[in-house]
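J.: Residue numbers (this note's numbering), protein chains in the order written: chain S, 14 to 419; chain V, 3 to 114. By construction, the Cβ of each residue, glycine as well, lies at the ideal position given by its N, Cα and C atoms. One structure, pasted below without further comment.
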């Protein structure tokens, strides 16, 4: 109970110093509850990206934090390590002094969009393998919390590769303040002045956070919740024409496709499996903190896991577009229940049943994720001689996927 | 083929929405939690106004009858047009043959 209170205290302390954007703060806090947590904050200038980053890091790591800023000249030695010159001159030995950024528990990246590609490549490697290399020497990186911020509208940006962004568990978007919130901010500034960040206490030690992370990792999720997480991610990946392997991408790829009006038709580059991991971590954190996590919570959290990982065919307003897609997904899940797709599949896993197969085929024509599982079962039945190849849905619909093996 | 976790997900769903399975048919009872009822969806709006359809379309009997009637009319129209095309093809081949004969005759009469 005490550790849960600590996490709630952290949220309260941040909220007492940061006006508005409650949902973003909530997600940032929940995202800290698994090892090597990475958070990206996106907003236009002057909305409080850096403040929120520093408040979070300070609350978790106290003074054990290092911020690399894209707004200043960043040298390799400051991010990874530099040579110890006396050792080289005196003994001819290449000894590396690892940068405090590598050693610190709290890592901040300010104005990440301005970091040069060499710096981000080093950070990318750190996030991927939990280690850094310099002068042919390697050192492992202990558990950490990394919070980055960027302004995507900034004209002086480097374009970082999508796999780099994929390493961030969540990406929260901040908004500007409403009229009444501006009054709140002025009150806060009057209270703290320029000491806003300094006034933030370290709410829990990193050792305590380690313990919490272990507890959260041990949370057992029920199969229902796990199923919905996997289903949501699959719906943002699946494509009957296998867009992930295709050189032609949507919308050109979707011409004449049966599923053109489905969610898949709006997605150019699909989600990676890291989205599942990130969502599972958040769901576990919510279950640990609140004792339960329902479908509403899952959809609310998905909004912060998707936008930096998916490339849409058309984008007008990124968050609204994703909210619309998630609403479609919600309807789709309801439709699946209405059609009894999973009970039907459950029946079919017990053995071939022509009545269930007929209903399942009807459902599969409208649902790729379900069709994929049915195709797998049909392939098995074809091999067992229960079903002829001509009777399979893949043959009849003309779907040539890797699942059919043809 | 499927993992135990996936199977338990399917079983969980099956328990929540049980099926009545017999040798020849499968049925189930509506739980009442479904927000989409048998209320007709705006199918005609999608046909005439290009509005987006949901995954499931529920149609009134009168709308279905009207569509059936329109389809039959279109089929008749199709058949009529096909007859016309056949007739025009026949006339066109006749005219082409006549033109060729006249041209040939004119050519031969010029030579001899």
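1) If you drop the 5 nearest sequence neighbours on each side, which residues of the same chain put their C-beta closer than 7 Å to that of residue 254 (chain S)?
2) Output needed for residue 264 (chain S): all residues of its chain with C-beta closer than 7 Å, excluding positions within five of it in sequence on either side, in chain order.
3) Just to confirm before moving on: does the CB-CB distance between residue 356 (chain S) and residue 16 (chain V) stay below 7 Å?
4) Just to confirm, is the Cβ distance from residue 158 (chain S) to residue 50 (chain S) under 7 Å?
5) Starting from residue 3 (chain V), find everything on chain S with Cβ-Cβ shorter than 9 Å and list it in chain order.
6) If you run the structure through DSSP and keep just helix, strand and coil, what is residue 45 (chain S)?
7) If you count every other CB in all the chains shown that lies within 10 Å of the CB of residue 248 (chain S), and 16 or more means buried, which is it?
8) So, do the stretch 70–77 of chain S and the stretch 219–228 of chain S have three or more beta carbon pairs nearer to each other than 8 Å?
9) Less than 7 Å between CB atoms is the rule here; does residue 22 (chain V) satisfy it with respect to chain S?
10) If the cut is a Cβ gap below 9 Å, which residues of chain V does residue 49 (chain S) touch?
11) Could you tell me if residue 142 (chain S) is buried or exposed, where buried requires 16 or more neighbouring beta carbons within 10 angstroms of its beta carbon?
12) I'd like to know whether the C-beta of residue 14 (chain V) is nearer than 7 Å to at least one C-beta of chain S.
13) Are the C-beta of residue 11 (chain V) and some C-beta of chain S separated by less than 7 Å?
14) Could you tell me which chain S residues have their CB closer than 8 Å to the CB of residue 104 (chain V), listed as they occur along the chain?
15) When we look at the beta-carbon of residue 93 (chain V) and count the other beta-carbons within 10 Å, is it buried (16 or more) or exposed?
16) If you run the structure through DSSP and keep just helix, strand and coil, what is residue 204 (chain S)?
17) Thinking C-alpha only, which one of S:133, S:148 and S:137 is nearest residue 107 (chain S)?
18) Whose CA, out of S:296, S:207 and S:360, lies closest to the CA of residue 44 (chain S)?
19) How many Å lie between residue 349 (chain S) and residue 302 (chain S) at the Cα?
20) Please classify residue 226 (chain S) as buried or exposed, where buried requires at least 16 neighbouring CB atoms within 10 angstroms.
21) Jot down the residue ranges of each uninterrupted alpha helix (DSSP H) in the stretch 260–333 of chain S, minimum 4 residues, whole runs only, in chain order.
22) Could you check which residue in S:32, S:111 and S:334 has the C-alpha nearest to that of residue 144 (chain S)?
23) With 7 Å as the C-beta to C-beta threshold (strictly closer), list the residues of the stretch 232–264 of chain S near chain A in chain order.
24) With residue 139 (chain S) and residue 87 (chain S) assumed to form a contact (beta carbons below 8 Å), what rounded beta-carbon distance in angstroms separates them?
25) On the CB-based measure, 16 or more other CB atoms within 10 Å of its CB, does residue 119 (chain S) come out buried or exposed?
26) Can you tell me where the alpha helix (DSSP H) with residue 69 (chain S) in it begins and where it stops?
27) Check whether the Cβ atoms of residue 78 (chain S) and residue 31 (chain S) lie closer than 7 Å to each other.
28) Given a cut-off of 7 Å on the beta-carbon distance, is the pair residue 321 (chain S) and residue 184 (chain S) in contact?
29) Between the C-alpha atoms of residue 278 (chain S) and residue 241 (chain S), what's the straight-line distance to the nearest angstrom?
30) Report the rounded CA-to-CA distance for residue 236 (chain S) versus residue 284 (chain S), giving the unit in angstroms.
31) Exposed or buried, which one is residue 75 (chain V) when buried takes at least 16 other CB atoms within 10 Å?
32) Strictly below 7 Å CB to CB, what residues from chain V border residue 350 (chain S)?
33) Could you list which residues in chain S have their beta carbon closer than 8 Å to that of residue 27 (chain V), in chain order?
34) Does the distance from the CB of residue 63 (chain S) to the CB of residue 123 (chain S) come in under 7 Å?
35) Return the first residue and the last residue of the beta strand (DSSP E) that residue 5 (chain V) is part of.
36) Under 8 Å Cβ to Cβ from residue 189 (chain S), same chain only, skipping five residues before and after it: list those, please.
T.: On the basis of the data shown:
1) Counting only Cβ-Cβ distances below 7 Å, and skipping sequence neighbours, we find 266 and 270.
2) 326.
3) In terms of Cβ geometry, residue 356 (chain S) and residue 16 (chain V) form a close pair [threshold 7 Å].
4) Contact flag set, yes.
5) Simply 362, 389, 390 and 393.
6) Note: residue 45 (chain S) maps to coil in three-state DSSP.
7) Buried: at least 16 other Cβ atoms inside 10 Å.
8) Below 8 Å, enough C-beta pairs join the stretch 70–77 of chain S and the stretch 219–228 of chain S to call them touching: three or more.
9) Output row for residue 22 (chain V): interface = no.
10) Correct list: empty, because the minimum Cβ distance to chain V is about 24 Å.
11) Exposed.
12) It does; some Cβ of chain S falls within 7 Å.
13) A Cβ of chain S is located within less than 7 Å of the beta carbon of residue 11 (chain V).
14) For residue 104 (chain V), there are no C-beta contacts with chain S under 8 Å, since the nearest C-beta of that chain is about 48 Å from it.
15) Classification for residue 93 (chain V): exposed.
16) In the structure shown, residue 204 (chain S) sits in a helix (DSSP, three-state: H, G or I).
17) The candidate whose alpha carbon is nearest that of residue 107 (chain S) is S:148.
18) When C-alpha distances from residue 44 (chain S) are compared across S:296, S:207 and S:360, the shortest belongs to S:296.
19) When rounded, the distance between both Cα atoms is 30 Å.
20) Counting the other CB atoms within 10 Å of its CB gives residue 226 (chain S) a total of 16 or more, which places it among the buried residues.
21) For the stretch 260–333 of chain S, whole alpha helix (DSSP H) runs of length 4 or above, ordered along the chain, are 287–303 and 308–318.
22) Ranking S:32, S:111 and S:334 by Cα distance to residue 144 (chain S) puts S:111 first.
23) Among the protein chains in the structure shown, which are S and V, there is no chain A.
24) By a beta-carbon distance limit of 8 Å, residue 139 (chain S) does not contact residue 87 (chain S). Their separation comes to about 14 Å.
25) That one is buried.
26) Per DSSP, residue 69 (chain S) is one residue of the alpha helix (DSSP H) stretching across 62–74.
27) Residue 31 (chain S) is positioned such that its CB atom lies no closer than 7 Å to that of residue 78 (chain S).
28) For the 7 Å CB-CB criterion, residue 321 (chain S) and residue 184 (chain S) form a contact.
29) About 21 Å.
30) Answer to the nearest angstrom: the Cα atoms are 22 Å apart.
31) Classification for residue 75 (chain V): exposed.
32) Ordered by position in chain V, the residues that pass the 7 Å Cβ test against residue 350 (chain S) are 19.
33) 368, listed in chain order.
34) In contact: residue 63 (chain S) and residue 123 (chain S) (Cβ atoms closer than 7 Å).
35) From DSSP, residue 5 (chain V) is part of no beta strand (DSSP E); its letter is neither H nor E.
36) The residues are 57 and 60.
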